[in-house]
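See below for the structure under consideration.
Protein chains in written order, with full-length UniProt numbering: chain A, 1 to 354; chain B, 1 to 438.
Dropping the structure here:
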């Protein structure tokens, strides 16, 4: 919450009520009723500007002086969507130079980078101009100040998608990720670009290596793990299709690493493997993997991710149910006889494996 | 039930490990953990002398709200277009604290909200501003929280319906205002005010909305503000709650949504962050805490279809740890709640941090609440989808039922004369209402 931006006004600022060129306008006070609620202690300047804004809104005056008035109104409160909307109407009515407006809104965005209205205004002006040539530069400038600014990313994605500006985006993302490999917004942007390129086996393979290389750098980084997992899930691939991933994660585990994201990944992997054995009626021993699932869920619940102990207990319990169902199979009746048969089958397999 | 606090010495091992590779993210994270650690260390010592700690500054919070309902400092000028929000944040906070404003004061509130109502339907952020979905949401929730007929009458469902149609896109998404921006908040605000004013989820107004929301789910599992944007706590709550209110979850991946949601709880701080690798913030106590609750509701609903019967009788985040973060790190002793230690109090954080406390304490209606510290720290339950008093939701539903505005033609899949008119409760109600008026 910032204070009224009085400092932005010059020393020689004159109240609207004292300006001769505004003497024909009758200011309208805000009507809060007789026992106001959530009454804000507006500064004199705020009251003055908004009294005159209400007046021009009421008469629908669309003029140069009205446009200037919106400048002052927005300087005092850039989140007033009514003022922005009216400003756009004035610009249209006066056929103002939209490039001038583009410069104006860039300045306002730099002062208020986390505000819905300013970015929306920018977008509308760019749409009217049908010219996105400044958008990547502007958003880069804002992301230089805060590389996770949600509005800036939203605007950037919109510009890229609408005007097909995908070409150099991967390079930009690389730059951001080398500066901060934990910047999740950059990872998300990478996924956005990838989706556009198509999640083919080849791309996914390449991106898996990209992610793995960055996990080697820092293991305890949820962003890179989520990206890896997202690649596999969104492409509808199975982890087993990528032996490198399996080898990488198991090696990491065997080397003693217990990053909770690694452990969570292994849980998913072993669940998938167990259920896959049942689904394909393969002769592999599902219990080898099932035991690992339980074991790692326990480790997470009791040691490495205790804040989520209830979640890991739930995952473990849910897996037990899923496994029982998979064991019975979709085509078998769920009868005690059948259950026994599968149990003995399981024992036999266990025995063989041992 | 008295909750157990975590062992603050033991959990130090959960602090962030930057693996000797410092980046801006890790530097900021470690800074915040150190601030939180100071609070935890202090309470650990103090509670050795007083086992009722951590203390809940209920009276001070109430005084803060009472003051704000009448008077706000110049610093609030930037919220001049969100004044119905200020009202809602105060009333919902007061509800959590079980504090009732006087009948006269609430009369003034209704009077003010009516001044924010627009002739074309919907509410604006303040008098003589344009209608906007967010302030409409805040105004409708405020009126529901007041619960009186006078308040519910002020909602003006016909106006709401007209306004909702004016911001609906063809694909079922909603703009925040006419010619305004489109995001998941729009869909959530629309279905919320719609349902509270008697518009059913089957209304043609919401055709396509669930599908559009589902497109906002990301590879991480959470929802972004619009398709392809980064998964975010606020938008994820809006997305999941909207789907629950629309009775349509067929299109989302609940498994990855749940994983992403529970992962937002910080190992050491106990509070929630809003995005992967971002910092803890008191307001996400509600957005994320309630989201976990909503996801569990959705999973349970789905399990009726797919035959899974896994009992989820426990809220899946760490309820005690969240309360610790709120009570130990997010209170100002002179009243008001905050984002994180060192930040100033404001109404937004007061509302959502208190609402998060309520979510953490109250889950299973058949079990006692879990309360950290003194049993007096207990706050009242809140509705996880609307974030107002659950009783207020029932009253609004009932009132809307008594004053219906919907006809069968408004509904998806219903053509005229499909049903016998006699069987149409809406028609019958309208007649009764007409008679009563005469």
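Built from N, CA and C at the ideal position, the CB exists for glycine as well.
Who does residue i pair with in a DSSP beta bridge?
i	result
residue 174(B)	168(B)
residue 206(A)	Paired residue(s): none; residue 206(A) is not in a bridge.
residue 72(B)	40(A)
residue 223(B)	217(B)
residue 53(A)	Note: residue 53(A) sits in no beta bridge, so no partner.
residue 337(B)	331(B)
residue 280(B)	273(B)
residue 203(B)	411(B)
residue 493(B)	Here chain B has residues from 1 to 438 only, and residue 493(B) is not among them.
residue 265(B)	272(B)
residue 239(A)	Note: residue 239(A) sits in no beta bridge, so no partner.
residue 182(B)	175(B)
Under 7 Å between beta-carbons, which chain A residues line up against residue i? List them in chain order, please.
i	result
residue 109(B)	37
residue 21(B)	217, 218
residue 87(B)	37, 38
residue 83(B)	38
Taking C-beta pairs closer than 8 Å, name the residues in chain B that residue i reaches, listed in chain order.
i	result
residue 42(A)	74, 77, 80
residue 25(A)	Near residue 25(A) there are no residues of chain B at all, since even the closest Cβ is about 15 Å away, more than 8 Å.
Just confirm the distance between the C-beta atoms of residue i and residue j, as a whole number of angstroms; I'd bet it's less than 8 Å.
i	j	result
residue 279(B)	residue 36(B)	No, residue 279(B) and residue 36(B) are not in contact; Cβ-Cβ is about 10 Å, not under 8 Å.
residue 357(B)	residue 379(B)	6 Å
residue 115(B)	residue 31(A)	6 Å
residue 392(A)	residue 177(B)	Past the edges of chain A, shown from 1 to 354, lies residue 392(A), and the structure says nothing about it.
residue 203(B)	residue 406(B)	7 Å
residue 223(A)	residue 253(B)	With 8 Å as the limit, residue 223(A) and residue 253(B) do not qualify as a contact, their Cβ atoms being about 19 Å apart.
residue 172(B)	residue 212(B)	5 Å
residue 99(B)	residue 62(B)	5 Å
residue 142(A)	residue 122(A)	Going by Cβ atoms, the distance from residue 142(A) to residue 122(A) rounds to 11 Å, so no, they are not a contact pair.
residue 53(A)	residue 25(A)	With 8 Å as the limit, residue 53(A) and residue 25(A) do not qualify as a contact, their Cβ atoms being about 10 Å apart.
residue 150(A)	residue 230(B)	7 Å
Using a 10 Å radius around the Cβ and a threshold of 16 neighbouring Cβ atoms, would you call residue i buried or exposed?
i	result
residue 6(B)	buried
residue 103(B)	exposed
residue 14(B)	buried
residue 10(B)	exposed
residue 192(B)	buried
residue 416(B)	Note on residue 416(B): pLDDT 46, under 50, position unreliable in the model; no value is reported.
residue 361(B)	buried
residue 27(B)	exposed
residue 120(A)	buried
residue 167(B)	buried
residue 188(A)	buried
residue 140(B)	buried
residue 240(A)	exposed
residue 232(B)	buried
residue 33(A)	exposed
residue 171(A)	exposed
residue 399(A)	It is not possible to answer for residue 399(A), since the shown part of chain A is limited to 1 through 354.
residue 333(A)	Note that residue 333(A) has pLDDT 44, beneath the 50 cutoff, so the model's placement of it is unreliable and no number is given.
residue 226(A)	buried
residue 201(A)	exposed
residue 250(B)	exposed
Can you pull the chain A residues whose beta carbon is under 9 Å from the beta carbon of residue i, in chain order?
i	result
residue 382(B)	Under the 9 Å cutoff, chain A gives no residues; its nearest Cβ is about 21 Å from residue 382(B).
residue 128(B)	28, 30, 31, 54, 57, 58, 82
residue 256(B)	229, 230, 233
residue 68(B)	38
List the residues of chain A whose Cβ lies closer than 8 Å to the Cβ of residue i, in chain order.
i	result
residue 445(B)	Outside the displayed range of chain B (1 to 438) lies residue 445(B), so it cannot be described from this structure.
residue 112(B)	32, 33, 36, 37, 38
residue 439(B)	This structure does not reach residue 439(B), given that chain B is present from 1 up to 438, and the question cannot be answered.
residue 277(B)	182, 183, 184, 221, 222, 223
Name the chain B residues whose beta carbon is nearer than 9 Å to that of residue i?
i	result
residue 166(A)	In chain order: nothing, as chain B lies at least about 12 Å away.
residue 138(A)	The contacting residues do not exist; residue 138(A) stays about 17 Å from chain B at best.
At a CB-CB cut-off below 7 Å, which residues of chain B make contact with residue i?
i	result
residue 163(A)	Near residue 163(A) there are no residues of chain B at all, since even the closest Cβ is about 15 Å away, more than 7 Å.
residue 311(A)	262, 316
Practice problem: Decide yes or no for the touch test of the region 255-262 of chain A against the region 207-226 of chain A: beta carbon pairs closer than 8 Å, at least 3 of them. | Solution: yes
Quiz item: Using 8 Å as the threshold, is the region 257-266 of chain B in touch with the region 305-321 of chain A, meaning 3 or more CB pairs across them?
Solution: yes
Practice problem: Taking 8 Å as the threshold, find out whether the region 232-247 of chain B comes into contact with the region 276-296 of chain B through three or more Cβ pairs. | Solution: Contact between the region 232-247 of chain B and the region 276-296 of chain B is present: 3 or more CB-CB pairs across the two stretches fall below 8 Å.
Self-check item: Stretch pair the region 70-88 of chain B + the region 331-340 of chain B: three plus CB contacts closer than 8 Å
Solution: no
Practice problem: Check whether the region 15-22 of chain A touches the region 44-55 of chain A, counting contact only when three or more Cβ pairs, one atom from each stretch, lie closer than 8 Å. | Solution: The answer is yes - the region 44-55 of chain A touches the region 15-22 of chain A, with three or more Cβ pairs under 8 Å.
Quiz prompt | Stretch pair the region 364-374 of chain B + the region 118-138 of chain B: three plus CB contacts closer than 8 Å | solution = no
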